[in-house]
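Heads up: the structure comes next, in structure tokens.
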Amino acid sequence: MDEIVLMKNIKKRFPGVLANDGIDFYANKGEIVSLLGENGAGKTTLMKILYGLYTKDSGEIFIKGKKVEINSPKDAINLGIGMVHQHFTLVNPFTVTENIILGLSSNRFIINIETSKEKIKEYMKKYEIFVDPDAKISELSVGEKQKVEILKILYRDIDILILDEPTAVLTPQEVKELFKTLKILKEEGKTIIFISHKLYEVLEISDRIIVLRNGKVSGERDPKKTNRRELAALMVGKEVFDVISLTPSEQKDVILDLKEITALSYRGHIALKNINLNVKGGEIVGLAGVSGNGQKELEEIISGIRKPLKGKIFFKNIDITHTTPKERINLGIGRIPEDRMDLGLILDLPVFENLVVECYDKNPFSGKLFLNYPKIESYSKKLIEEFDIRTPNLIVKTKTLSGGNLQKCILARILSMNPEFILAAQPTRGLDVGATEFIHKKLLEVRDKGGGVLLISEDLDEILNLSDRILVIYNGEIMGELKRGELTREDIGLMMTGTKKEDLHATT
Amino acid sequence: MPLPKFRLEKRESVPNWFRMALPFIAIGISFIFSSIIILFAGKNPVTSIYSIFYGALGTRLGLMETLVKATPLILTGIAVSFAFTGKFWNIGAEGQLYAGALAATWAGISNFNIPSFLYIILLLVVGFIAGGLWALIPGYLKAKLKVDDVVTTLLMNYIILYLVTAILEGPWRDPVTMWPQSIMISPNAEFPKLLQKSRVHFGLIVGLLVVFLVYIIIKHTKLGFNIRAIGANPNASNFLGINVTKTIIITSLISGGIAGLAGVGEVAGLHYHLTENISPGYGYTGIVIAMLGGLNPIGVLFASFFFAIIITGAQYMSRATGVTSFIADVIQGITLLVLLAMLILYEYRIRRVE
Amino acid sequence: MKEIFTIGFFIGLFSATLRMATPLILATLGEVFCERSGVLNLGIEGIMLFTSLIAFLTTYFTNNLWLGVLTAIIVGILFGILMAFFTVNLGVSQHVSGLGITLFASGLSLFTYRQIIGSPQIPPTIETFKTLTIPVLSKIPIIGPILFDQYILTYIALLSIPIVSFIIYKTNFGLSLRAVGENPEAADALGINVYRTRYVALIIGGGLMGLAGSFFTLAYFNMFLYGIVGGRGWVCIALVIFANWDPSRVLLGALLFGGVDALQLRLQAIGFNIPYQFFLMMPYVLTIIVLVLVARNAIAPSSILKPYRRE
Chain W
5 MDEIVLMKNI KKRFPGVLAN DGIDFYANKG EIVSLLGENG AGKTTLMKIL
55 YGLYTKDSGE IFIKGKKVEI NSPKDAINLG IGMVHQHFTL VNPFTVTENI
105 ILGLSSNRFI INIETSKEKI KEYMKKYEIF VDPDAKISEL SVGEKQKVEI
155 LKILYRDIDI LILDEPTAVL TPQEVKELFK TLKILKEEGK TIIFISHKLY
205 EVLEISDRII VLRNGKVSGE RDPKKTNRRE LAALMVGKEV FDVISLTPSE
255 QKDVILDLKE ITALSYRGHI ALKNINLNVK GGEIVGLAGV SGNGQKELEE
305 IISGIRKPLK GKIFFKNIDI THTTPKERIN LGIGRIPEDR MDLGLILDLP
355 VFENLVVECY DKNPFSGKLF LNYPKIESYS KKLIEEFDIR TPNLIVKTKT
405 LSGGNLQKCI LARILSMNPE FILAAQPTRG LDVGATEFIH KKLLEVRDKG
455 GGVLLISEDL DEILNLSDRI LVIYNGEIMG ELKRGELTRE DIGLMMTGTK
505 KEDLHATT
Chain F
-12 MPLPKFRLEK RESVPNWFRM ALPFIAIGIS FIFSSIIILF AGKNPVTSIY
38 SIFYGALGTR LGLMETLVKA TPLILTGIAV SFAFTGKFWN IGAEGQLYAG
88 ALAATWAGIS NFNIPSFLYI ILLLVVGFIA GGLWALIPGY LKAKLKVDDV
138 VTTLLMNYII LYLVTAILEG PWRDPVTMWP QSIMISPNAE FPKLLQKSRV
188 HFGLIVGLLV VFLVYIIIKH TKLGFNIRAI GANPNASNFL GINVTKTIII
238 TSLISGGIAG LAGVGEVAGL HYHLTENISP GYGYTGIVIA MLGGLNPIGV
288 LFASFFFAII ITGAQYMSRA TGVTSFIADV IQGITLLVLL AMLILYEYRI
338 RRVE
Chain U
15 MKEIFTIGFF IGLFSATLRM ATPLILATLG EVFCERSGVL NLGIEGIMLF
65 TSLIAFLTTY FTNNLWLGVL TAIIVGILFG ILMAFFTVNL GVSQHVSGLG
115 ITLFASGLSL FTYRQIIGSP QIPPTIETFK TLTIPVLSKI PIIGPILFDQ
165 YILTYIALLS IPIVSFIIYK TNFGLSLRAV GENPEAADAL GINVYRTRYV
215 ALIIGGGLMG LAGSFFTLAY FNMFLYGIVG GRGWVCIALV IFANWDPSRV
265 LLGALLFGGV DALQLRLQAI GFNIPYQFFL MMPYVLTIIV LVLVARNAIA
315 PSSILKPYRR E
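Right under this line is the structure:
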């Protein structure tokens, strides 16, 4: 076998996280290698290093046997490496042809669309990827857009294609077509690196599978000799862990009820398909799943900043589907957003103002017109103490606080209003152990006092530790519901990667 | 082709001394550039700039005139500053000033039979409402339809200017002189003078009062909180329950109203009638004032006086040194550009690329 | 009343329409370049004013009309570079940069004219361009005097439309330009220099605005007045939207607004009852209406108003 890509001992650190911890990776000519792993496992980082978008901290890269330094996408392209990103880099009003020839150094002063079109058609025939060269990108389906991205790379005579979660937004039909294309490319001698978290697909298309977990290689498998269960275990870990004993709480009535929610994403495709879920008082419901399977849209729907296409939301039997964020806050819904810096807080305002931003307009913090600063300040002081928020004083700008303390601000603000329901989206992402434990403690307190919590998290450990009930979301659908301790990590991992609960036993 | 040889590196925080020093550094740099231009005109920049300050502050007459010029500038400056705080880019203060002036003139030449202090209040009220309504149109369009406020507020300036001209050349044309200006307003409506033998009038008090009120609103009211929040992060504000649409609309109303008061002052306190040139661009100067003052009421107050000095002093300077008074307009433009260039230093540090 | 609207009246009107559309066409084409690359250039009003002054002064002192045109173009280019410095190198607010440039250029115009010329009783004038009467064609009844007896700058403006259209749609530069305006990340990923492309766009735009400025003082009018541009720069901003950022559609809007200009002058002369100012207002009211209609469908180049910085 012809080794065409070799990455040795790649290390890459970002503030707070070691994304690649000494990874060895290789790919052979004419092979389809899959990089499998959860979010944060390090797959995209590794490939962005290969494509020159990131610089490695240490390690070596060899292309076709020669040691190289890749400092920019231009270097990568010159070495024959191309990458199709999750978010397409296409110019929407342009035609397919224009997108493909854009920026080519071989372009003359006056572009001749016709000759280019003919040449593109040859490539289309050769690789059996067909799109109308005169169509505008805005008119194409997602699958067709992806074809254009691939053609763009092939047109530049790339030998090594990196595809980052290519099937994330494709229909099953389009996935079939993509796989057909990949097989043809393989026959033409191209090397394909396929980044994914979807087990079914990885097993179907790969010649070899490499699984990453927490920045390291956790295993390498031959798809013919492994199965989904084993891969899931490599992805999420097999350890049997001690289930923290939660005092069984009294389950109360349903507080939040989502009925048949269907919603679109910003990109215009269906992100949530007929979601039914509820949260009762006195319980924590954990929503497990790899990021990008509809969690963001679900969070927005519950928060009140996105309207569902279909379906209704009920809060204590009141229909709140068309209410504003303010109305939901007033009803007793607390929201910890995933995007804490851009949505959860107004960073340029002082700390104490962020602590009261959801309740400043009520007694005793303000009258009809004026704010009662003494009240607000003493209240904030109390919160800062109670929640141990590390800040030099009340009035510094919130953006000076560290990640953990920012989250504590949000938590303090919400909990001080005694909500009956909390939506916590990725609440401990990027936080240290201390801050994480603190937040977990507070969420459990809410539960113990009879409130309901919906915990959306990519961190399976967090979900397993805290939840009374666990739901798994994949591709905008609920794959199944399980009670605490009912299933193993592997099973849940399987559900996170496409297996419905009822089909779990059929995975060996 | 120009490629950046310096790199911009994100900063964590802005040292306080820098924040305070910035306007002064900007003024300094702008004086340097203006001096170069004066040199090109073959004149001595040092004596020119000196005579600006002497002309504005060195004589009683000059000082009085500076206060007269400061009056509308304080109001347009604070009007724009208020709007900018909430990210409502009000470039239309000039037009809103004219709207206020128009309404005040209407009230003034209607010769109502009411005591003086009521008449003055009436003028202020109708001027405020007119200015507010003139800003409401772009404000509403921005809040509900996301139409760009810079261009709409700017265009509204031209519309009202033509409206005023049409009225002054038409129904309100002075029948005695036949010039395009209105008749005098009722003496009962005139603003009282503040100082003997000067043109300084009640409008200055109005200006100072408004600055104080704006300070109170921004710092101590719920509305002010909303405005600051939206100015800092409209998305988060929306998520956190603030009614962004309503706040933008109210912001535009108040901002326009304040600019309208500037117009009232010029009519009722200075000229006593309406002319086409009642404002030589105070609304635009207000923009530079707002930015120079760092969108801070105290800063705006200082910046207004600064430009009042420049404008008044430039008149004196032109007689003393032969440099035309239009240097004030040049200084104004350069200051804005320099400020803009320096503001980038709030967010980024400049690092040389090795 | 009826005697006024003769054939002669209309020929005069349409001929004037084409004349007054000239600077609108040129400046709008310039703004199209800027906006297509993703930069809103609000300096257009100030640049047109200052370049009209430069054109006037150059011709006044050298008696050479074409030199006046040349200097106007060069100064326009310099302002284009200034705008590029703020919006591309510094990446600051395009709105405020443009306004700052307009304020600066306007102030500089007032200052320079007064400083150099002073304020004489009779302002100085120059010998403007004469209209170029094209033999034979200009004798065609009706169309002849309208189309073929115009200033050379007008012919240049009309020719510019297909030329600019060609550059934008048929050249590699135009392709890169449009890509940068729509999706600078995509363009950057393919190796296109976003910064350089925007610089070139602003330079070309500034040059065209300078050319437009020269028309005011070297053809349309024979002297410099502070109000000579009178807000037409802002009208050009609207014309870009009206033309849907497509150079070949600039003509229609320019003729429309130029026609309004020409009409109100004539109505004034006739003593029409409606104040002529209402006609002068119309471009601005129309612009606002266009902006409202467009706000719903974002058909502007997508990267407009966003500075590009590679992280």
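Protein chains in written order, with the numbering used here: chain W, 5 to 512; chain F, -12 to 341; chain U, 15 to 325.
Positions of the beta carbon are idealized from the N, C-alpha and C atoms, including for glycine.
**Request:** Kindly indicate which residue of W:Pro312, W:Val240, W:Leu470 and W:Lys190 has the alpha-carbon position closest to the one of W:Gly219.
**Result:** Minimum Cα distance to W:Gly219 is reached at W:Val240.
**Asked** Would you call the segment 240 to 251 of chain F and the segment 80 to 95 of chain F in contact, with 3 or more CB pairs under 8 Å?
**Response** By the criterion of at least three beta-carbon pairs nearer than 8 Å, the segment 240 to 251 of chain F is in contact with the segment 80 to 95 of chain F.
**Prompt:** Taking the alpha carbon of W:Leu268 as the point to measure from, which residue in W:Ala292, W:Val258 and W:Gln299 has its own alpha carbon closest?
**Reply:** Selected option, being the one with the closest Cα: W:Gln299.
**Message:** Does U:Tyr290 come out as helix, strand or coil in the three-state DSSP assignment?
**Reply:** DSSP places U:Tyr290 in coil when its eight states are reduced to three.
**Asked** Since F:Leu9 and U:Phe100 are thought to touch, with beta carbons under 8 Å apart, how far apart are those beta carbons, to the nearest angstrom?
**Response** About 17 Å separates the two Cβ atoms, so there is no contact after all.
**Prompt:** Cβ of F:Ile108 within 8 Å of Cβ of F:Ala90?
**Reply:** Contact flag unset, no.
**Message:** Please classify F:Ala295 as buried or exposed, where buried requires at least 16 other C-beta atoms within 10 Å of its C-beta.
**Reply:** With 16 or more other Cβ atoms within 10 Å, it is buried.
**Message:** List, in chain order, every chain B residue whose beta-carbon is nearer than 7 Å to that of F:Ile321.
**Reply:** Checking the listed chains, one finds no chain B in this structure; the protein chains it contains are W, F and U.
**Message:** Quick check: U:Met34 and U:Ala200, are their CB atoms within less than 8 Å of each other?
**Reply:** No, they are not a contact pair.
**Prompt:** DSSP three-state call for U:Tyr165: helix, strand or coil?
**Reply:** Residue state for U:Tyr165 is assigned as coil, using DSSP reduced to three classes.
**Request:** Would you tell me roughly how many angstroms separate the C-alpha atoms of W:Glu126 and W:Asp163, rounded to the nearest one?
**Result:** Here the alpha carbons of W:Asp163 and W:Glu126 stand approximately 17 Å from one another.
**Prompt:** Rounded to whole angstroms, how far is the Cβ of W:Asn116 from the Cβ of W:Asn297, which I believe are closer than 8 Å?
**Reply:** Incorrect: roughly 44 Å between the Cβ atoms, too far for contact.
**Message:** Taking 8 Å as the threshold (beta carbon to beta carbon), is U:Leu205 in contact with chain W?
**Reply:** Looking at the sequence shown, residue 205 of chain U is not Leu but Gly. Yes, its Cβ sits closer than 8 Å to a Cβ of chain W.
**Item:** Cut-off 6 Å between Cβ atoms - residues of its own chain near F:Thr311, not counting five sequence neighbours on either side
**Value:** Closer than 6 Å at Cβ, skipping near neighbours: Ser305.
**Message:** Can you give me the C-alpha to C-alpha distance between U:Leu40 and U:Leu124, rounded to a whole angstrom?
**Reply:** Each residue's Cα considered, the two are about 23 Å apart.
**Request:** Give a yes or no on whether 8 Å exceeds the smallest Cβ distance from U:Gln135 to chain F.
**Result:** Closer than 8 Å: no.
**Asked** To which residues of the same chain is F:Lys129 closer than 8 Å at the C-beta, ignoring the five residues directly before and after it?
**Response** Phe75, Asp135, Asp136, Thr139, Ile235 and Ser239, listed in sequence order.
**Asked** Three-state secondary structure (DSSP) at W:His273?
**Response** Three-state result, W:His273: coil.
**Item:** Own chain residues within Cβ distance below 6 Å of U:Arg263, not counting five before or after
**Value:** Here the set comprises Ala257.
**Message:** Beta-carbon within less than 6 Å of W:Val173's beta-carbon, same chain only, minus the 5 sequence neighbours each way: which residues are those?
**Reply:** Hits under 6 Å: Val146 and His273.
**Through-space distance from F:Pro59 to U:Met97, alpha-carbon basis** = Distance between the alpha carbons of U:Met97 and F:Pro59 is about 30 Å.
**Asked** Around the C-beta of W:Gln430, are 16 or more other C-beta atoms found within 10 angstroms, so that it is buried, or is it exposed?
**Response** With 16 or more other Cβ atoms within 10 Å, it is buried.
**Message:** Between the segment 68 to 88 of chain U and the segment 208 to 216 of chain U, can you find at least three pairs of beta-carbon atoms closer than 8 Å?
**Reply:** No, the segment 208 to 216 of chain U does not touch the segment 68 to 88 of chain U.
**Request:** Give a yes or no on whether the C-beta atoms belonging to W:Val283 and W:Ile259 are separated by under 8 Å.
**Result:** Here W:Val283 is near W:Ile259, since their CB atoms are less than 8 Å apart.
**Message:** I'd like the span of the alpha helix (DSSP H) that includes W:Thr440, first residue to last.
**Reply:** Counting along the chain, W:Thr440 sits inside the alpha helix (DSSP H) bounded by residues Val437 to Asp452.
**Cβ contact (3+ pairs, closer than 8 Å) linking the segment 171 to 190 of chain U and the segment 104 to 122 of chain W** = Cβ pair count under 8 Å is three or more, so yes.
**Item:** CB contact check: F:Leu257 to chain W, cutoff 8 Å
**Value:** Not an interface residue.
**Message:** Whole angstroms are fine: how far does the CA of W:Glu102 sit from the CA of U:Ala312?
**Reply:** With a pLDDT of only 48 at U:Ala312, under the threshold of 50, the placement of this residue in the model should not be trusted; the figure read from the coordinates follows. A straight line joining the alpha-carbon of U:Ala312 with that of W:Glu102 spans about 21 Å.
**Request:** Under 9 Å between beta-carbons, which chain U residues line up against W:Asn469? List them in chain order, please.
**Result:** Simply none; closest approach about 35 Å.
**Message:** Just to confirm my understanding: we take W:Thr395, look at its own chain, exclude 5 residues before and 5 after, and list those with CB closer than 7 Å. What are they?
**Reply:** Contacts found: Val355, Ile388, Leu405 and Asn409.
**Message:** For the alpha helix (DSSP H) containing W:Lys130, name the first residue and the last one.
**Reply:** Note, W:Lys130: alpha helix (DSSP H), Ile117 to Tyr131.
**Message:** Would W:Ser370 and W:Asn376 be called neighbours here (beta carbons separated by less than 8 Å)?
**Reply:** Their beta carbons are under 8 Å apart, which means W:Ser370 touches W:Asn376 by this criterion.
**Asked** How long is the line joining the alpha carbons of W:Pro31 and W:Gly407, rounded to whole angstroms?
**Response** According to the sequence shown, residue 31 of chain W is Ala rather than Pro. Answer to the nearest angstrom: the Cα atoms are 38 Å apart.
**Asked** Taking the C-alpha atoms as reference points, what is the distance between U:Ala193 and U:Ser317?
**Response** Distance from the CA atom of U:Ala193 to the CA atom of U:Ser317, rounded to whole angstroms, is 9 Å.
**Prompt:** Is it right to say F:Thr46 is buried, meaning 16 or more other beta carbons lie within 10 angstroms of its own, or is it exposed?
**Reply:** The residue is exposed, with fewer than 16 neighbouring Cβ atoms inside 10 Å.
**Prompt:** Tell me which same chain residues have a C-beta within less than 6 Å of the C-beta of F:Trp159, skipping the five on either side of it?
**Reply:** Around F:Trp159: Ser169.
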